[in-house]
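Visitor: Quick one: the structure is below, questions incoming.
Residue numbers (this note's numbering), protein chains in the order written: chain A, 113 to 278; chain B, 113 to 278.
What follows is the structure in structure tokens.
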């Protein structure tokens, strides 16, 4: 049994405060082979199918330089998810655990993050492998994968800070 | 020279659409040793100082099980960042590149993601190393680092899908 938006035995629902602390703008849309949440991979794989990320204006110019990176981090909005579960039962077997110890799409702020392999970029379109979201998912951000990115900005004092004060 | 919120030579500002496509709720607050953006590390390090993540109610119960993981992914809201730059000059030298080819905090949706080492969790507080954000940064999400998490949910058809249709 897989999740639509039911509440399962053992799960805990809270009355969530209004989600009005900050606002998001959808900067594009993600096109994948999966048209239903019951088909999507649980975790993307870098040898998975090519997916197409469409970037909207006025953000297309922000893609400049992206082709330098083999791996990108993609952030997207899990628009079909409920946001009020604090304990979840992924196996639907009555056993539950905290939302923050799961990578379930149901979370107070349903933001998906994934590391993908860049296939190619053409104008406002980026082709990647490794996604696991449903077709039509709104795009929030794209950035170089942290391990492959070296900051260009000047050094800051915190860069060299290790351990804790005695 | 480091960034306050100035626009530098070579940078491109756009008229950003209103950020009203989805709303966020701040689920906690991050306490770090850095009280000014001009001091924060450019990238967190796992041997850096211990930082304290405070989780607000009603989300504390969602921490259950988190101590199983050595590495967590933390998502936070870069509340001091401007959101309308599509090309940026990290060195402030007139040379600019696209926002999506940088991990700069200035982005259309200023969401920071970082992998941290879990030190310990106590009630609604989580102590970690590896953050690079300013003191007081709003918390958006916590999840197990992807490499150390094995999905508990039943398999889905997409799990086994590799390559593209002929």
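Just so you know, even glycine gets a beta-carbon here, dropped at the ideal spot from N, CA and C.
Does the region 122 to 129 of chain B come into contact with the region 241 to 252 of chain B, if we say contact requires no fewer than three beta-carbon pairs (one atom in each stretch) closer than 8 Å?
Guide: no
Visitor: Assuming residue 137 (chain A) and residue 129 (chain B) form a contact by the criterion Cβ under 8 Å, report the distance between their Cβ atoms to the nearest whole angstrom.
Guide: For the purposes of this step, residue 137 (chain A) is identified with residue 25 of the first chain, where counting begins at 1. For the purposes of this step, residue 129 (chain B) is identified with residue 17 of the second chain, where counting begins at 1. The pair is a contact, with the Cβ atoms about 6 Å apart (cut-off 8 Å).
Visitor: Could you work out which residues of chain B lie near residue 160 (chain A), taking near to mean beta carbons separated by less than 7 Å?
Guide: Counting from 1 along the first chain, the entry for residue 160 (chain A) is found at position 48. What residue 160 (chain A) touches in chain B: 273 and 274.
Visitor: Checking contacts by CB at 8 Å: is residue 133 (chain A) closer than that to chain B?
Guide: For this step, residue 133 (chain A) is matched to residue 21 along the first chain. So yes, residue 133 (chain A) belongs to the interface.
Visitor: Three or more C-beta pairs closer than 8 Å, one from the region 198 to 211 of chain A and one from the region 263 to 270 of chain A: is that the case here?
Guide: no
Visitor: In this structure, how does DSSP classify residue 203 (chain A) when only helix, strand and coil are distinguished?
Guide: Indexing the first chain from 1 puts residue 203 (chain A) at position 91. Three-state DSSP puts residue 203 (chain A) in coil, outside helix and strand.
Visitor: Using a beta-carbon distance below 8 Å, is residue 121 (chain B) in contact with chain A?
Guide: Position 9 of the second chain, counted from the first residue, corresponds to residue 121 (chain B). With 8 Å as the cut-off, residue 121 (chain B) does not count as an interface residue toward chain A.
Visitor: For the region 271 to 278 of chain A against the region 150 to 163 of chain B, are there 3 or more C-beta pairs whose distance is under 8 Å?
Guide: A contact exists between the region 271 to 278 of chain A and the region 150 to 163 of chain B.
Visitor: Can you list, in chain order, the stretches of the beta strand (DSSP E) that have 3 or more residues and sit fully within the region 126 to 175 of chain B?
Guide: 134 to 136, 140 to 143 and 162 to 167
Visitor: Residue 188 (chain B) and residue 250 (chain B): beta carbons closer than 8 Å?
Guide: To locate residue 188 (chain B), count along the second chain from 1; it is residue 76. To locate residue 250 (chain B), count along the second chain from 1; it is residue 138. Taking 8 Å as the Cβ cut-off, residue 188 (chain B) and residue 250 (chain B) qualify as a contacting pair.
Visitor: Tell me whether residue 237 (chain A) sits in a helix, a strand or coil according to DSSP, three-state version.
Guide: Sequence index remark: in the first chain, residue 237 (chain A) carries index 125 (1-based). Strand at residue 237 (chain A).
Visitor: Could you confirm whether any beta carbon from chain B is found closer than 8 Å to the beta carbon of residue 221 (chain A)?
Guide: In the first chain, counting from the first residue as 1, residue 221 (chain A) sits at position 109. With 8 Å as the cut-off, residue 221 (chain A) counts as an interface residue toward chain B.
Visitor: Which stretch, first to last residue, makes up the beta strand (DSSP E) that contains residue 186 (chain A)?
Guide: For the purposes of this step, residue 186 (chain A) is taken as residue 74 along the first chain, with counting starting at 1. Note, residue 186 (chain A): beta strand (DSSP E), 183 to 189.
Visitor: Using a Cβ-Cβ cut-off of 8 Å, state whether residue 230 (chain A) counts as contacting chain B.
Guide: The residue labelled residue 230 (chain A) in the question sits at position 118 within the first chain. No, residue 230 (chain A) lies away from the interface with chain B (no Cβ there is under 8 Å from its Cβ).
Visitor: Roughly how many angstroms lie between the CA atoms of residue 173 (chain A) and residue 155 (chain B), to the nearest whole one?
Guide: The count along the first chain starts at 1 and reaches residue 173 (chain A) at position 61. The count along the second chain starts at 1 and reaches residue 155 (chain B) at position 43. Going by the C-alpha atoms only, they are around 25 Å apart.
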